[in-house]
Each structure stands twice: as C-alpha cells, then as structure tokens.
Amino acid sequence: MAKDKSQAEDYLAPLKRLLLGVLVLCLVGLFLVWRIDSPRVERFRAAVVDRVVPSFDWAMAPVTATVNLVRDFQSYQRIVQQNQDLRNELQTMKAWKEAALQLEQENARLLDLNKVRLDPRLTFVTGVVLADSGSPFRQSVLLNVGARDGIVDGWATMDGIGLVGRISGVGRDTSRVILLTDPASRIPATIQPSGQAAIVQGDNTAAPLISFLEDPDLVRPGDRVVSSGDGGVFPAGLLIGQVATDPGGRLRVILAADYERLEFLRVLRNPGTEVIRDPGALVAPRQERLTPAPLPADGATLSETEDSNG
Amino acid sequence: MAEGSATRVWGMRLMYLALALALIFAKLIPLDFQPQAWAGPDLLVAFTFAWVLRRPEFVPALSIGLVVLLADLLFLRPPGLWAALMVLGTQALRNRARNLRDQPFVMEWLAVAVVFLAISVANRLVLAILMVPQAPLGLTIIHMMMTLICYPVVVMLSQWVFGVRKAAPGDLDRLGQRI
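Chains R and G, in that order, are what the protein sequence lines are.
Add 182 to a position in the first sequence, counting from 1, and you land on the number used in this note's numbering.
Add 1057 to a position in the second sequence, counting from 1, and you land on the number used in this note's numbering.
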C-alpha cells in the first residue's frame, strides 16, 4: 500500500513543486515591483481595498454598533459620577462661551476695520470611517469617500476640532487617511505664542513627537500647535493639539482630535496655495523694467486683488 | 467512501478561506484608533500552521498565498513578501507533518516556533536590505510571543470546533488509500 502511494506521488511531486515555485516567484515578483514602482502597486492596493472593504460593510456596521453599545452600557454604571462631571464642565464652558462671544465680536470689528478677506474656498467633504488599518504597526482609517467625491491625495482630514491626518491612497469609493500617530506621518507645524516652526512626527504612540524645533526653550507645555502650511501641502492654521513633555524630556503633542472615537471625518478641499511668480510686477509698473518679461495670468489677477485690498 | 471524503476535503478548503476572511474582517472592524503598547496574536498565521500540520490537504499552498496576499494588501504591509514567506514556511512544515504526527505536542509547538521565527527574521532582513521602513522591533517580538502563546488554544479550537484532527491510522485519503 505504502509503495503504491509513493509511486503515485512520484509523478505528481515535481509538478506540485513547479507550481509552488511559480506561486512563490509571482509573490516575490509583486513585492519587487512594489519596491521599484510603488505608486502603481499602491494604486492596485487602493483598488483592491475599494472592492473588498465596502462589501464587508453590511456585516461590519452591526458588529461595530453592538460593541459600541456594550461599551456605552458599561459607562452607564458610572452615570451619576459622569453627570456631576458634566455639570462642572458645563459651568466652566459657560464662562468660556461668554469670553468667546466677546472675542468674536472684537475680532469681527477688527477684521472689519482692516478689510481682511478670509479664504472662502476652504470647504470640506464629510466621510464615515469604514475600517481601521487592522495592524498594530500602522495607524490609518478608511473613509467611504473617494475619487468619485473629488478626493485628492494629500488633503488634510479633521474631526470637528483638530487635525486627524492626511489622505494617502484614493480608490473610487474609498480613501485612506494616514493618522498623525502613524510612523510615516510628518506634518509641518507652528507652535503658537512663540511662532516656532517644527515638524510633528508620528511614532506609533498616542502623542506624536515634535522634532526639528529651532529653540526648545521658547516652547512651554500647554502651547498650541497648529499646522503651518509650509510646503503648500496643508492649509495653515488647523489646530493639531497642545505641547506636553514626556518623562524622557522630549516634547510631544497631545492631539486635539478625539482619537478614541473617529466616526465622521472632514476632508478639507485644498485647491493649493497661489504662488507669486513675478515679484517685479507687484513693486513697479511693467513698462519701467529694463528687460520686460511676459506677465503670467496669475500675477495679473494677484496684483489686481492687491490694489483693491490696499 | 472516496467521493464522500473528496467533498469533505473541498468543504474544508472553503472552510479555511471563510475562516481566513472572518479573521481579516475581525481585524478591520473600526473600534480602536489609539496606538497600542502591545500587539495581539496573528491568528491567521496560527490557524494556517495548525491546519497544515494536521491536514495538509485542507490548506493548499495556493489558498494560503492568496489569503495572505489579501491580508498584505488590506493591512498596509509590503504586498507579496509575507505571503511568499508564509507559503515557504508552511511548505517546510508540510514536509515535516508526517514525522511530527507521532510526536508529542511540545515538539510540534517547537517546530511551529522555529518556522515562525525563521520567516519573521527573513521578513525583517529582506525589508532591511531593501531599506523599507519597518515596524518597531519590540512590538514585533510581542506580536510573535502572543502568536506562539495562543497556538495551543488555536489547535484546540481547530480540533473541537472545526474537526481538523491529525489523521489516525486507518483513515483513508482522497484516492481511497491509507494515509
């Protein structure tokens, strides 16, 4: 019996080994192609995610809802305590609301005096979180808006309050947000009262590091960290969080966005910052230049707005 | 008899695919967005190894390759590398499955640990050589330890819930021959 079996395997075994080799070669080949031409394979990945994850959604939504329900139920046990805390917070908030209203009126008056125009083009698309990264080593979420809704790689994503991350990988119906806590995330930022420029660098912990800071002595824990718009990637002035010092003495950001519950995220439409290409046109009329250069259309509109602003 | 066992084999192959999809799905559920200080076990690897050592015919190399490739794509890992290493690792275990069948469980556990360690080290080496950014080492070690600690539980689940046992003497294979 055993002899028959080994004879049957004799002609099947080389074939199986060949197919196995082909399979392994295909997989290794895919990996090498990814290493050489990453954007193409990443687009393929986005397409696969786009196909697979929404088809899980019918099952994922009820499971997520049930688990969240159970968690909420656990929190009912502390309801009296919570009620007390909320009352206290509400009292503090009322004081802040009063201060905010006064500041808003003052701000409006000052803006009116200076005839400042805020950028009206900063609109947003809101998406629902479909899935997380599924791996303990990466921090990202998947949104249910994609190229169909006009999402573009690199746009900033916020929850109601603070910056959450940036779009990286867009499928037709889905897009991936790399969170600020991901090891691959680097965001140019400004630290508010001192105006120092820095980079907020994710390192797979809840509070990202602040690096490339010019003068750490000017920065205190509690300072506000906002995005700086350097490099033209992000709009400037989005709140990221507050500075804190960790036990090792390094500066970190406590994020303003509520990472415990990311449910709806706003993707900010960013049409890109206008670049001033022709500095001479702003300073002096075109005729007086020694070597007249053709004025680009952007420059012309820019100088017009400058006139009406001034 | 032979036909009955053939349908069972195909049923269990589909069962493996369904189980793998369920495990991937469970990991994708958006519940926890905070980075964690520790990493949970990789149940997909543990189940694959347990099934390969018990009934190699339920988990052909092709289905392992496809399932792990899908996981690579969904979990933002470098696509293809871990899948290729898993296919090679399971093949190494598959070749030892007949010898390990008569050994105590500890030997099997040890073999799984050695193979898992080997493919993890190979993974990190290849990524280091090609200068791909890697996960932190500490987290990877915790991940491996958790997977190995969970392995006996996974084996028990496979045996009692899914009925994947080691072939006993007298069992027949697809062609109606003794295994």
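Think of the CB as a built atom: it goes at the ideal place given N, C-alpha and C, for glycine as much as any other residue.
Got a sec? Which residues, its chain only, sit under 7 angstroms from residue i by beta carbon, not counting five neighbours each side?
{"i": "M1020(G)", "result": "Lying outside 1058 to 1236, the shown extent of chain G, residue 1020(G) is not represented and no answer is given."}
{"i": "A1149(G)", "result": "V1172"}
{"i": "V415(R)", "result": "G336"}
{"i": "E224(R)", "result": "G351"}
{"i": "S357(R)", "result": "L325, V327, G328, I333, I349 and G351"}
{"i": "E486(R)", "result": "The pLDDT assigned to E486(R) is 44, lower than 50, so where the model puts this residue is not dependable, and the model offers no usable value."}
{"i": "L450(R)", "result": "L304, F306, W337, A338, M340 and P417"}
{"i": "V1189(G)", "result": "P1135"}
Residue i to residue j, Cα distance in whole Å?
{"i": "F1132(G)", "j": "T274(R)", "result": "43 angstroms"}
{"i": "E1165(G)", "j": "I422(R)", "result": "50 angstroms"}
{"i": "D412(R)", "j": "K276(R)", "result": "36 angstroms"}
{"i": "A388(R)", "j": "E442(R)", "result": "10 angstroms"}
{"i": "F213(R)", "j": "L285(R)", "result": "56 angstroms"}
{"i": "Q264(R)", "j": "F255(R)", "result": "13 angstroms"}
{"i": "I343(R)", "j": "T305(R)", "result": "15 angstroms"}
{"i": "P398(R)", "j": "A1128(G)", "result": "42 angstroms"}
{"i": "R222(R)", "j": "A1192(G)", "result": "23 angstroms"}
{"i": "A229(R)", "j": "P1209(G)", "result": "37 angstroms"}
{"i": "A380(R)", "j": "L325(R)", "result": "28 angstroms"}
{"i": "R253(R)", "j": "V1109(G)", "result": "38 angstroms"}
{"i": "R217(R)", "j": "F1115(G)", "result": "33 angstroms"}
For residue i, would you say it is in contact with chain G, using Cβ-to-Cβ distances shorter than 8 angstroms as the test?
{"i": "L444(R)", "result": "yes"}
{"i": "Y193(R)", "result": "no"}
{"i": "N386(R)", "result": "yes"}
{"i": "F255(R)", "result": "no"}
{"i": "T483(R)", "result": "A caution first: T483(R) carries a pLDDT of 46, below 50, which makes its placement in the model too unreliable to give a value."}
By Cβ distance below 8 angstroms, which residues in the same chain neighbour residue i in space, the five residues on each side in sequence not counted?
{"i": "M1143(G)", "result": "V1102, T1105, I1121, G1122, V1125 and I1176"}
For chain R, is any of its Cβ atoms less than 8 angstroms away from the one on residue i?
{"i": "Q1148(G)", "result": "yes"}
{"i": "R1134(G)", "result": "yes"}
{"i": "G1068(G)", "result": "no"}
{"i": "L1187(G)", "result": "yes"}
{"i": "L1174(G)", "result": "no"}
{"i": "L1131(G)", "result": "yes"}
So which residues on chain G does residue i lean against when the C-beta distance must stay under 8 angstroms?
{"i": "M242(R)", "result": "F1082, L1085, I1086 and P1087"}
{"i": "Y441(R)", "result": "F1090 and Q1091"}
{"i": "V508(R)", "result": "Lying outside 183 to 492, the shown extent of chain R, residue 508(R) is not represented and no answer is given."}
{"i": "V323(R)", "result": "P1087 and F1090"}
{"i": "F238(R)", "result": "F1082 and L1085"}
Can you pull the chain R residues whose beta carbon is under 9 angstroms from the beta carbon of residue i, in chain order?
{"i": "V1144(G)", "result": "L202, L205, V206 and L209"}
{"i": "P1190(G)", "result": "P365 and A366"}
Residues of chain R with a CB under 7 angstroms from the CB of residue i: which are they?
{"i": "A1140(G)", "result": "L209"}
Excluding the 5 residues preceding and the 5 following residue i in the sequence, name in chain order all residues of the same chain whose CB lies nearer than 6 angstroms to its CB.
{"i": "G347(R)", "result": "T339, V359, I360, L361 and L362"}
{"i": "D314(R)", "result": "V323"}
{"i": "A329(R)", "result": "V352 and R354"}
{"i": "W278(R)", "result": "none"}
{"i": "L1100(G)", "result": "L1080"}
Identify the contact partners of residue i in chain G, using a Cβ-Cβ distance below 7 angstroms as the criterion.
{"i": "T246(R)", "result": "I1086, P1087 and L1088"}
Could you name the residues of chain R that residue i contacts, counting a contact when the two beta carbons are closer than 8 angstroms?
{"i": "L1071(G)", "result": "Going along chain R, no residue has its Cβ under 8 angstroms from L1071(G), so there is no contact; the nearest lies around 18 angstroms."}
Query - Residues within the segment 200 to 234 of chain R neighbouring chain G, beta-carbon criterion of under 7 angstroms - result: Residues of the segment 200 to 234 of chain R whose Cβ lies closer than 7 angstroms to any Cβ of chain G, in chain order: L202, L205, V206, L209, V210, L212, F213, W216, R217, V223, R227, V230, V231 and V234.
Query raised in the report: Using a beta-carbon distance cut-off of less than 8 angstroms, what residues from the segment 305 to 320 of chain R approach chain G?
Result: Under the 8 angstroms Cβ criterion, the segment 305 to 320 of chain R contributes V311, L312, A313, D314, S315, G316, S317, P318, F319 and R320.
Query - Under 9 angstroms (Cβ pairs) to chain R, residues found in the segment 1087 to 1110 of chain G - result: Those would be P1087, L1088, D1089, F1090, Q1091, P1092, Q1093, A1094, W1095, A1096 and G1097, in chain order.
Query raised in the report: Taking Cβ-Cβ distances below 8 angstroms as the criterion, which residues of the segment 1111 to 1127 of chain G are in contact with chain R?
Result: Per Cβ criterion, the list reads A1118, L1119, G1122, L1126 and L1127.
Query raised in the report: Which of the residues in the segment 1192 to 1226 of chain G, read from start to end, lie with their CB under 9 angstroms from any CB of chain R?
Result: Those residues of the segment 1192 to 1226 of chain G that come within reach of chain R (Cβ to Cβ, closer than 9 angstroms) are A1192, P1193, L1196, T1197, I1199 and H1200.
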